[in-house]
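Q: Using this note's numbering, the first residue of the sequence shown is number 64, and each one after it goes up by one.
Dumping the structure here so I can ask a few things about it.
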Amino acid sequence: MKYLSLFVCLVLVHVVYCQEQFAITEEGLSPRSITIDVESNRYSKVIDWLEANTENYNITIVEAIENESIQITSEKGNATSLDKQYFNAKYSITLHFTAKQITFETTAIDLKQNSKYDMGWTPIDLNAGAPYFKKGKPIRKFRAYLNGIVAPLNSLYLKLKAN
Numbered sequence: 064m065k066y067l068s069l070f071v072c073l074v075l076v077h078v079v080y081c082q083e084q085f086a087i088t089e090e091g092l093s094p095r096s097i098t099i100d101v102e103s104n105r106y107s108k109v110i111d112w113l114e115a116n117t118e119n120y121n122i123t124i125v126e127a128i129e130n131e132s133i134q135i136t137s138e139k140g141n142a143t144s145l146d147k148q149y150f151n152a153k154y155s156i157t158l159h160f161t162a163k164q165i166t167f168e169t170t171a172i173d174l175k176q177n178s179k180y181d182m183g184w185t186p187i188d189l190n191a192g193a194p195y196f197k198k199g200k201p202i203r204k205f206r207a208y209l210n211g212i213v214a215p216l217n218s219l220y221l222k223l224k225a226n
């Protein structure tokens, strides 16, 4: 009985925390967006935070429509690796503001091999993750690769949420 209750608690904690984290599943990026409830429109606070953390997260504000939305890109060097090859990641994110909510939506993720030769950015299909999975589980070779892709995205989301 003791182990059963511990197992149930662990499953509940996992379900609660996984809903607020981005992950790559067989269906692609999940969830595509996360909504944060706030007391009031926090547009100006978010803009201030983004400008203050431009260097930490390599953030570029692409477009800002006051009190409606902010489009940003964020780059992370050596974000993930696969077969001893490291990849830089570039994230395109749109923040939508309503009276009491901010929606953090990932619109694109691009990878570029970290090499002395510029191989260009390659987009990741946000709607398909099946090549990295077998029988519903990530293929062992791709586990760290997939986690590395979403880790900077989750970090940025959690920092913005704490703001």
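Beta carbons: idealized from backbone N, C-alpha and C, even for Gly.
1) Which residue comes first and which comes last in the beta strand (DSSP E) that contains Ser21?
2) Let me make sure I understand the geometry here. Which of Thr157, Arg203, Asn190 has the alpha-carbon closest to that of Ile87?
3) Count the other C-beta atoms from every protein chain shown that fall within 10 angstroms of the C-beta of Gly211, then say buried if there are 16 or more, exposed otherwise.
4) In the structure shown, what three-state DSSP assignment does Gly199 receive?
5) For Asn121, which three-state DSSP category applies?
6) Whose C-beta lies closer than 8 Å to the C-beta of Cys72 among residues of the same chain, with five residues either side of it excluded?
7) From the DSSP output, in three-state form, read off Ile187 for me.
8) Taking only the alpha-carbon atoms, compute the straight-line gap between Glu131 and Met182 and give it to the nearest angstrom.
9) Could you check which residue in Glu118, Thr136, Tyr120 has the C-alpha nearest to that of Glu126?
10) From which residue to which residue does the beta strand (DSSP E) around Lys175 run?
11) Under a Cβ-count criterion, where at least 16 other Cβ atoms within 10 Å of its own Cβ denotes burial, should Tyr180 be classed as buried or exposed?
12) Give the straight-line distance between the Cα atoms of Ser107 and Phe150, rounded to the nearest whole angstrom.
13) Beta carbon of Leu209, beta carbon of Tyr220: below 7 Å?
14) Pop quiz: Ile165 and Val213 are said to be a contact at Cβ under 8 Å. What is the actual Cβ separation, rounded to whole angstroms?
15) For Leu73, does the three-state DSSP call read helix, strand or coil?
16) Put Asn210 into one of helix, strand or coil per three-state DSSP.
A: For this structure:
1) Only positions 64 to 226 of the chain appear in the structure, and residue 21 is not among them; the question remains open.
2) Asn190
3) buried
4) coil
5) coil
6) Note that Cys72 scores a pLDDT of 38, beneath 50, so its modelled location is shaky; the value from the coordinates is reported in the next line. So the list is empty, once near-sequence residues are dropped.
7) Coil at Ile187, not helix or strand.
8) 36 Å
9) When each option's Cα is compared against that of Glu126, the closest is Thr136.
10) 164-176
11) exposed
12) Spanning the alpha carbons of Ser107 and Phe150 requires a straight line of approximately 33 Å.
13) Their beta carbons are not under 7 Å apart, which means Leu209 does not touch Tyr220 by this criterion.
14) The Cβ separation is near 19 Å, so there is no contact.
15) At Leu73 the pLDDT is 39, less than 50, meaning the model places this residue with poor confidence and gives no usable figure here.
16) Shown here, Asn210 sits in a helix according to DSSP, grouped into three states.
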